[in-house]
Amino acid sequence: MEDTLLTIFRLSLFETLCVTGALILTGMILGVLEHRANFYVQSVFGMKGIMATAWIGTPVHESGHLLMCYLFKHKVSEFKLFTLRPRDGVLGYVNHSWNQKSLYQNIGNFFIGMGPIFSGTFALILEMSLFLPDSFATFSNYLALDAGQPDSQTLANILVLTAQLFKSLFSAENLTSAGFWVYLTLAIAISSHIALSKEDLKGAARGLFTIFFFILLVNAFALLLNADFTGFFSGILTLNVYMLAFSMVSVVFSSIRLVLSAFAYALVSRIR
């Protein structure tokens with residue numbers, strides 16, 4: 059009996075990672091990139107450097123929280139997509155409440171916390187389709203990704219496709235296009251504010267625990283009823299692979315911002 063319970067616990071933990079892993083990994087990567095880039099930007103330009111991109115990036119960030127609140131039926135009491143006079147460094151916020159007894163709304167906390175990854179990635183892809191249709195055609199190769207049985211080769215394919223996208227974005231043709239520079243400006247501004255705050259992570263953690271216990275209960279009932287839910291979790295894992303692939307667009311532009319800010323920091327430091 060003890061071995062069975064341990065097996066269910068391990069399986070539930072693994073399946074929770076399958077359901078949420080791509081978002082968590084993306085959030086961690088973006089957090090590291092943005093934190094370091096912000097250090098360089100503030101060192102060179104001060105708070106004005108952050109505000110220069112915040113008027114675009116912050117509304118996109120907060121829109122992700124807001125839309126997820128509505129999707130998971132949370133009650134939004136107050137929100138501000140952007141303020142020119144931040145208090146305690148808060149450039150925008152969404153205040154919401156939920157029914158503690160609702161499984162759906164409690165699970166929603168995870169996706170509300172992770173909302174900026176959805177909204178930021180969607181905005182980057184949408185703008186790519188508008189300003190750089192040729193690069194968007196290259197991006198569409200992600201849709202042909204075979205994620206039926208995710209493995210190390212799937213990850214390698216994602217990295218190859220990301221390299222192809224990067225090459226397409228910075229082609230000689232794009233570099234001479236006004237649309238490219240408009241897109242690059244918008245993309246850097248958006249990617250500068252995709253990363254999750256401490257409050258975002260706290261809210262997401264509440265939902266993550268609920269997801270885990272829900273999956274734990276599902277597996278326990280599956281054992282009692284001799285049912286098989288592996289197909290369902292396999293489908294969720296496939297969706298996570300696509301989410302990871304799409305979010306690489308956000309990672310690419312967050313990395314570009316980090317490189318540019320590090321270069322500016324090094325240049326100013328040498329002058330000083």
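For the sequence shown, our numbering assigns the number 59 to the initial residue and increments by one for each residue that follows.
C-beta atoms are modelled at their ideal positions from N, C-alpha and C, and glycine is treated no differently.
Computed from a prediction, not measured in an experiment: that's the story for all the values here.
- Annotated as proximal: Gly122 and Pro174, with beta-carbon spacing under 9 Å.
- The C-alpha of Lys133 is placed about 31 Å away from the C-alpha of Val299.
- Note on geometry: alpha-carbon atoms of Leu233 and Trp239 lie some 8 Å from one another.
- In this structure, Gly166 and Gly265 form a Cβ contact; the two beta carbons are roughly 6 Å apart against a cut-off of 8 Å.
- For Gln163, the closest of Leu275, Thr268, Ala303, Val310 by C-alpha to C-alpha distance is Thr268.
- Beta-bridge partners of Lys133 (DSSP): Ser155.
- Judged by DSSP in its simplified three-state form, Arg145 adopts strand.
- Take Tyr128, set aside five residues on each side of it, and the residues of its chain with a beta-carbon closer than 8 Å to its own are Val134, in chain order.
- DSSP places Tyr162 in the uninterrupted alpha helix (DSSP H) bounded by 161-171.
- Pairing Ala303 with Ser249, the inter-Cα distance amounts to about 16 Å.
- Among the bridge pairs identified by DSSP, Lys138 is matched with Tyr151.
- Segment contact: the stretch 188-201 against the stretch 82-96, fewer than three CB-CB distances shorter than 8 Å; contact not assigned.
- Rounded to the nearest angstrom, the Cβ distance from Met306 to Thr196 is 13 Å, too far for a contact under 8 Å.
- Residue state for Thr74 is assigned as helix, using DSSP reduced to three classes.
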